[in-house]
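Colleague: In terms of this note's numbering, the sequence shown is residues 133 to 395.
Glycine residues also receive a C-beta, built at the ideal position from the N, C-alpha and C atoms.
Okay, here's the structure, questions in a sec.
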Amino acid sequence: MANTSKDGWYYKSLDNRSLIIKGDILEIKTVDAGSIDLVVTSPPYNVDVKYGDFKDDIPYGKYLEFTNSWMERVHGLMKDDGRFCLNIPLDKNKGGQQSVYADVIHIAKKVGFKYHSTVVWNEGNISRRTAWGSWMSASAPYVIAPVELIAILYKDKWKKSRKGESTISRDEFLEWTNGLWTFSGESKKRVGHPAPYPVELPDRCIKLFSYKDDVILDPFMGSGTTLLASRINDRTGIGVDISTEYCELAKERIEKIINGAKS
Ligand SMILES: C[S@@+](CC[C@H](N)C(=O)[O-])C[C@H]1O[C@@H](n2cnc3c(N)ncnc32)[C@H](O)[C@@H]1O
Numbered sequence: 133m134a135n136t137s138k139d140g141w142y143y144k145s146l147d148n149r150s151l152i153i154k155g156d157i158l159e160i161k162t163v164d165a166g167s168i169d170l171v172v173t174s175p176p177y178n179v180d181v182k183y184g185d186f187k188d189d190i191p192y193g194k195y196l197e198f199t200n201s202w203m204e205r206v207h208g209l210m211k212d213d214g215r216f217c218l219n220i221p222l223d224k225n226k227g228g229q230q231s232v233y234a235d236v237i238h239i240a241k242k243v244g245f246k247y248h249s250t251v252v253w254n255e256g257n258i259s260r261r262t263a264w265g266s267w268m269s270a271s272a273p274y275v276i277a278p279v280e281l282i283a284i285l286y287k288d289k290w291k292k293s294r295k296g297e298s299t300i301s302r303d304e305f306l307e308w309t310n311g312l313w314t315f316s317g318e319s320k321k322r323v324g325h326p327a328p329y330p331v332e333l334p335d336r337c338i339k340l341f342s343y344k345d346d347v348i349l350d351p352f353m354g355s356g357t358t359l360l361a362s363r364i365n366d367r368t369g370i371g372v373d374i375s376t377e378y379c380e381l382a383k384e385r386i387e388k389i390i391n392g393a394k395s
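Here is the structure:
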């Protein structure tokens with residue numbers, strides 16, 4: 133199935149474990165309010181990434197307004213004990229320095245989310261620097277942190293209301309509850325999307341913060357990485373993307389997994 137059906141789904145796997153909605157997260161009506169256990173997502177960073185159908189270089193104030201709007205929407209879709217793993221940059225250097233993490237968390241709290249903790253993801257991305265500001269001079273040097281953050285937020289109650297089956301191993305629990313995660317980023321070329329995260333990121337969030345059979349939402353699904361991790365871990369994954377190209381890509385990646393390929 134590849135065109136949006138009457139009930140609003142662009143794609144539904146036969147077992148209903150992987151579901152895609154093509155549309156703007158601000159407008160979609162297919163997901164019921166109060167139905168989501170865990171949100172794992174990486175929204176557009178507004179750093180002029182060339183997405184198919186989306187402009188990623190709006191003025192910073194407009195970006196924060198958009199952040200407020202989509203967070204309100206996502207907040208309404210979550211259960212009271214729902215959790216929210218938000219992958220965002222620490223800051224932004226391109227087009228003017230901005231404290232993205234601080235500003236986005238401020239908005240999340242204004243919208244009604246509660247703050248729990250933050251993971252620092254060291255993605256080992258030491259790309260070749262060219263912008264030094266002022267080379268070997270105190271005149272106007274730039275400092276660039278080669279990390280991203282995963283803010284852990286929740287809607288109302290941190291403790292889960294129902295008993296369920298956790299699927300994390302002892303070693304994973306010990307390692308991942310230490311808030312410095314080190315693993316490589318994903319190759320854009322391999323995946324065919326301009327800003328994918330590796331499966332390892334949603335995989336860790338899903339195992340740490342959800343039970344088997346929980347419902348996971350990615351409101352900015354991109355290539356569908358969160359849906360792959362949901363499927364691999366026996367959760368239901370719902371992904372939303374504004375671009376037909378990425379909905380199709382996510383569908384292809386899911387079907388490969390269903391047909392036995394590795395992620
Ligand atoms: C940073 S990418 C997500 C990448 C994803 N984590 C992955 O692994 O492929 C952000 C995605 O949000 C989508 N997007 C932008 N604005 C949107 C909106 N208003 N509603 C839904 N999706 C949107 C873009 O098309 C893009 O694919």
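Measure the alpha-carbon distance for proline 328 versus glutamate 384 and round it to whole angstroms.
Modeller: Their backbone Cα atoms lie some 15 Å apart in a straight line.
Colleague: Rounding to the nearest angstrom, what Cα-Cα distance links glutamine 230 and valine 275 in this structure?
Modeller: Each residue's alpha carbon lies about 13 Å from the other.
Colleague: Can you check the region 287-374 for any beta strand (DSSP E) of at least 3 residues that lies completely inside it and give the ranges in chain order?
Modeller: The region 287-374 contains these whole beta strand (DSSP E) runs: 312-314, 347-350, 368-373.
Colleague: Around the C-beta of threonine 314, are 16 or more other C-beta atoms found within 10 angstroms, so that it is buried, or is it exposed?
Modeller: The residue is exposed, with fewer than 16 neighbouring Cβ atoms inside 10 Å.
Colleague: Is arginine 215 buried or exposed, if buried means 16 or more other CB atoms sit within 10 Å of its CB?
Modeller: Burial call: buried.
Colleague: Identify whether lysine 144 lies in helix, strand or coil by the three-state DSSP scheme.
Modeller: If DSSP states are grouped into helix, strand and coil, lysine 144 belongs with the strands.
Colleague: Note the first and the last residue of the continuous alpha helix (DSSP H) segment covering aspartate 235.
Modeller: It spans 232-243 - the alpha helix (DSSP H) in which aspartate 235 sits, taken as one unbroken run.
Colleague: Straight-line CA distance for serine 201 to proline 273?
Modeller: Taking the straight line joining both Cα atoms gives about 35 Å.
Colleague: Helix, strand or coil for arginine 215? Go by DSSP, reduced to three states.
Modeller: Reduced to three states, the DSSP call for arginine 215 is strand.
Colleague: With a 10 Å radius around its C-beta and 16 neighbouring C-beta atoms as the bar for buried, classify alanine 165 as buried or exposed.
Modeller: With fewer than 16 Cβ atoms within 10 Å of its Cβ, alanine 165 is classed as exposed.
Colleague: With three or more beta-carbon pairs closer than 8 Å as the criterion, would you say the region 317-335 touches the region 344-360?
Modeller: Result yes; three or more Cβ-Cβ pairs closer than 8 Å.
Colleague: For the beta strand (DSSP E) that contains threonine 173, what are its first and last residues?
Modeller: Threonine 173 -> beta strand (DSSP E) spans 168-173.
Colleague: Enumerate in chain order the residues of its own chain whose CB-to-CB distance from isoleucine 300 is below 7 Å, with the five nearest sequence positions on each side excluded.
Modeller: The answer, listed in chain order, is Lys339, Leu340.
Colleague: Anyone know if the C-beta pair for threonine 199 and isoleucine 153 falls short of 8 Å?
Modeller: No, the Cβ-Cβ distance between threonine 199 and isoleucine 153 is not below 8 Å.
Colleague: Kindly list the residues whose CB is nearer than 8 Å to the CB of lysine 289, restricted to its own chain and excluding five residues on each side of it in sequence; keep chain order.
Modeller: Taken in chain order, the residues that qualify are Asp212, Asp213.
Colleague: According to DSSP, is glycine 193 part of a helix, a strand, or is it coil?
Modeller: If DSSP states are grouped into helix, strand and coil, glycine 193 belongs with the helices.
Colleague: Compute the distance between the beta-carbons of isoleucine 386 and serine 167, then report whether it is under 8 Å.
Modeller: Contact: no.
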